Amino acid sequence: MNEYPTRLNDDAPMVRFSKVSKRYGELTVLDELDLDVSANEMVSIIGPSGSGKTTVLRLLMTLEDVSDGVIYVEGEPLTHMERDGQLVPANQAYLRRQRSKIGMCFQHFNLFPHMTALENCMEGPIQVLRLSKQEARERSLDLLDMVGLSDKRDQHPIRLSGGQQQRVAIARALAMRPKVMLLDEVTSALDPEVIGEVLNVIRKLNAEHNLTVLMVTHQMGFAKEISDRVCFVYNGKIAEAGPPSQIFDAPQNPRTKQFLSAVLQAN
Amino acid sequence: MTYAEFLNEHGARLIDGSIITVQQTILAALLAIAIALVMGLMRLSSNYVVRSSATVYIEIFRGTSLLVQLYWIFFVLPLFGITLEKFTAGFIAVGMNLGAYGAEVVRGAIQSVPKGQYEAALALNMSPFSRMRRIIFPQALILMLPPWGNLFIELLKATALVSLISVTDLMFQAKQINGTTYLSIEAFGSALVIYYIMSRLVITPGMRWLERALSRHMSRA
Amino acid sequence: MFDWKWDFTIEILPRLILATFNTLMAAGVGYGIALIVGLIFALAQRTPIRIINWSVREAVEFIRSTPLVLQIFFVFYVGPQFDLRLSPWTAGMIAIGLHYASYLSEVYRAGLESVPQGQWEACRALNLSTRRTYFRIIIPQALPPALPGMGNYLVGIFKDTPMLSVIGVAELMHTANALGSESYRFLEPYTMVGIIFLAISLPTAFGLRTFETWVSKTLGMSKSKK
Ligand SMILES: Nc1ncnc2c1ncn2[C@@H]1O[C@H](COP(=O)(O)OP(=O)(O)O)[C@@H](O)[C@H]1O
Ligand SMILES: [Mg+2]
Chain A
61 MNEYPTRLND
71 DAPMVRFSKV
81 SKRYGELTVL
91 DELDLDVSAN
101 EMVSIIGPSG
111 SGKTTVLRLL
121 MTLEDVSDGV
131 IYVEGEPLTH
141 MERDGQLVPA
151 NQAYLRRQRS
161 KIGMCFQHFN
171 LFPHMTALEN
181 CMEGPIQVLR
191 LSKQEARERS
201 LDLLDMVGLS
211 DKRDQHPIRL
221 SGGQQQRVAI
231 ARALAMRPKV
241 MLLDEVTSAL
251 DPEVIGEVLN
261 VIRKLNAEHN
271 LTVLMVTHQM
281 GFAKEISDRV
291 CFVYNGKIAE
301 AGPPSQIFDA
311 PQNPRTKQFL
321 SAVLQAN
Chain B
-6 MTYAEFLNEH
4 GARLIDGSII
14 TVQQTILAAL
24 LAIAIALVMG
34 LMRLSSNYVV
44 RSSATVYIEI
54 FRGTSLLVQL
64 YWIFFVLPLF
74 GITLEKFTAG
84 FIAVGMNLGA
94 YGAEVVRGAI
104 QSVPKGQYEA
114 ALALNMSPFS
124 RMRRIIFPQA
134 LILMLPPWGN
144 LFIELLKATA
154 LVSLISVTDL
164 MFQAKQINGT
174 TYLSIEAFGS
184 ALVIYYIMSR
194 LVITPGMRWL
204 ERALSRHMSR
214 A
Chain C
65 MFDWKWDFTI
75 EILPRLILAT
85 FNTLMAAGVG
95 YGIALIVGLI
105 FALAQRTPIR
115 IINWSVREAV
125 EFIRSTPLVL
135 QIFFVFYVGP
145 QFDLRLSPWT
155 AGMIAIGLHY
165 ASYLSEVYRA
175 GLESVPQGQW
185 EACRALNLST
195 RRTYFRIIIP
205 QALPPALPGM
215 GNYLVGIFKD
225 TPMLSVIGVA
235 ELMHTANALG
245 SESYRFLEPY
255 TMVGIIFLAI
265 SLPTAFGLRT
275 FETWVSKTLG
285 MSKSKK
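Residue numbers (my numbering), protein chains in the order written: chain A, 61 to 327; chain B, -6 to 214; chain C, 65 to 290.
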């Protein structure tokens, strides 16, 4: 691990993937992937199904271990920690500390079914951040208000529509005050008529919460409208990245062209 | 005394007992299957009397202990003029008891066949009997095989109780050997291992094989 | 019914009722052991340590595949071979407790496995500790699907207590045997024992069903209106 610095310079990006590989047995999903995301940047990740988009987010959330390479957050290693001037795989305590910088929303929401909307949001702040019940409640109510669900706060997930559940999930992640927010196809499991309400909440994330956002999405129109940068993932690498105008209107890579025309045709 | 010497001296009794245990198991299993099919279907009948009599049977046999049922059949039934030989009383009690559990398995499996299957068969104007026989039951059969595998193991274990009315099964022989030699680990331990072999190395693989054979047969048919 | 003697029935009733308490106590203590040891068995099978994993798994399989009555004899008689004398009650509770612990460990395991992977991941994303993840998120969800199995085995252990009579635990069956051999009348004792079992197990089973629905409603996980 000598080639990787134990910490990055002060001008380091919010997130850096440094030659990150992920393998499942024989299958190489990510192949020495490099990616920098600056603070407050909104990055969309697009690409064909199975290309490794979700894997990028899951590695950053530390739901999976990297096979090779290092991920840095705020200049500090995330997947590894320093010991005697060397990087070694991070232990649980270190992971728990670093993980607090990152929040994630899932395609299938993963709300806790035995808790109400409000209880879902309060769980992390109370148990992990050690806020008082009162503080956690106020924070959660504010966020539920922000996502337009104040009136549903005492409902269990099973009584909420998909769009409402996903908005609660976003509020729950925000309640932990993460610096980086990961959104994995948060609208893919939703009926078309409720996608808009979730997208509206995501618009606010970047505008009002100063968050760095990494978003995997199939909503090309939305990605174009909101992203600062779009990354096209192909074959375990970022095949092309750039501002939305470039990626969508003048893609350089033939694979990007092919993918976009297939998506446009489907719509 | 080494274990080899123990086996040399008492192995024959353990084998005799095992043979009786196998006989009890097979006879009780056949009875249990017959009762389960009849009672399970009766539970689904639209006729109130038919349905309730099955419910009463099932609740009585599942609500009391097998040992109580066994003693009742062996010691009390003769007072009503029905005297059964101990071997017969043994497998009848076990079969009737496990049949009640099997009835619930049969009912559950039939009810888990998707409703669309009934409706499709109805739309083809099949008679109620052929709907059950040709469409519903074959699909239910596949669903009920895994729980039947567990029931057969329970049934094998249950036959150990017939030793208490002096049927000379494996359990009985182990007790006899223990009583004469006081070699409890050897006597009861050997019996435990033999029961384990029958459960996991005979019944479980046998049922797996049956499941595979049946689903192959069904997907070809 | 012919030949049924009511005065004899009434005469033996006090002893049967007393024995019923012993039966209930045996079932209760045995179940208590099974609940705790079963959880240990279940969690032991989730440790990453291969050898623990494997040996507990095999032990559970072995106990589940062999007759309880034989295990009761085994525990009771093997002790003295090593100069360790267990009372019938102690031996009986160990045997029946371990037997049902191995059943319950399977129920717990299935319950834990029924909680979707996404729940673990959401806990990770919220940075909840392993302990909190288990106690606040996973176990509350694993419990409702485990309850029916746990309830069945509560009734099951109750119905298996007559096997303890073989080593002389003075529960219902043992008492009925004694009454029968004292009076040469088996009709009333055995029938009464059957009726007592029915009178306890049927309402218990019904009560457990009601409890299950209540729990999943209280946790807000069922669709029905509160
Ligand atoms: N736990 C796993 N074990 C084996 N293969 C996996 C696992 N998770 C993902 N994969 C494989 O990795 C590849 C990329 O998956 P993913 O990142 O989910 O793709 P995307 O989100 O772009 O559709 C797929 O081929 C998938 O089958
Ligand atoms: Mg994906």
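Idealized CB from N, CA, C, for every residue including glycine. Because the structure is a prediction, the values reported are computed rather than measured.
Neighbour flag for residue i against chain A, beta carbons, 8 Å
i: glycine 175/C; result: no
i: arginine 359/C; result: Residue numbering for chain C in the displayed model covers 65 to 290; residue 359/C lies beyond these limits and cannot be assessed.
i: proline 112/C; result: no
i: asparagine 216/C; result: no
i: glutamate 276/C; result: no
i: glutamate 246/C; result: no
Buried versus exposed, by CB contacts within 10 Å (16 or more), residue i
i: leucine 77/C; result: exposed
i: valine -4/B; result: A small fix is needed here, since residue -4/B is tyrosine in this sequence, not valine. It counts as exposed.
i: threonine 130/C; result: buried
i: isoleucine 113/C; result: exposed
i: lysine 193/A; result: exposed
i: serine 245/C; result: exposed
i: glutamate 78/B; result: exposed
i: glutamate 235/C; result: buried
i: isoleucine 158/C; result: buried
i: valine 42/B; result: exposed
i: proline 314/A; result: exposed
Contact test: residue i Cβ vs ligand 2 heavy atom, cutoff 7 Å
i: aspartate 70/A; result: no
i: threonine 114/A; result: yes
i: aspartate 244/A; result: yes
i: valine 80/A; result: no
i: valine 89/A; result: no
i: valine 57/C; result: A question about residue 57/C goes unanswered here, because the residues of chain C that appear run from 65 up to 290.
i: valine 276/A; result: yes
Cutoff 8 Å: residue i Cβ touching any chain C Cβ
i: alanine 233/A; result: yes
i: lysine 168/B; result: yes
i: methionine 164/B; result: yes
i: arginine 205/B; result: no
i: histidine 174/A; result: yes
i: asparagine 171/B; result: yes
i: valine 188/A; result: yes
i: methionine 121/A; result: yes
i: asparagine 170/A; result: yes
i: isoleucine 218/A; result: yes
Short CB-CB distance (under 8 Å) between residue i and chain B
i: methionine 157/C; result: no
i: lysine 290/C; result: For lysine 290/C, the predicted structure reports a pLDDT of 38, less than 50, and the residue's modelled location is therefore unreliable. A value from the coordinates is still provided. Not an interface residue.
i: valine 93/C; result: no
i: serine 119/C; result: no
i: glycine 258/C; result: yes
i: threonine 154/C; result: no
i: lysine 374/C; result: What the structure shows of chain C is the stretch from 65 to 290, and residue 374/C is not part of that stretch, so it cannot be assessed.
i: valine 142/C; result: yes
i: leucine 262/C; result: yes
i: tyrosine 254/C; result: yes
i: glutamine 204/C; result: Position check: residue 204/C holds proline in this sequence, whereas glutamine was assumed. Chain B, which has no Cβ nearer than 8 Å to the Cβ of proline 204/C, makes this no.
Per-residue DSSP class, three states only, for residue i
i: lysine 289/C; result: Residue confidence is low: lysine 289/C scores 43 on pLDDT, short of 50, so the model does not pin down where it sits. No coordinate-derived value is stated.
i: glutamine 146/A; result: strand
i: arginine 289/A; result: strand
i: threonine 239/C; result: helix
i: tyrosine 84/A; result: strand
i: valine 97/A; result: strand
i: lysine 212/A; result: helix
Presumed contact (8 Å Cβ cut-off) between residue i and residue j, rounded CB distance
i: alanine 235/A; j: glycine 184/A; result: 6 Å
i: leucine 242/A; j: isoleucine 186/A; result: So it is not a contact: roughly 23 Å between Cβ atoms.
Closer than 7 Å: residue i CB and nearest ligand 1 heavy atom
i: tyrosine 188/B; result: no
i: tyrosine 94/B; result: no
i: tyrosine 294/A; result: no
i: glycine 182/C; result: no
i: glycine 96/C; result: no
i: glycine 281/A; result: no
i: tyrosine 198/C; result: no
i: glycine 129/A; result: no
i: methionine 111/A; result: For the record, residue 111/A in the displayed sequence is serine; it is not methionine. Within the cutoff, so yes.
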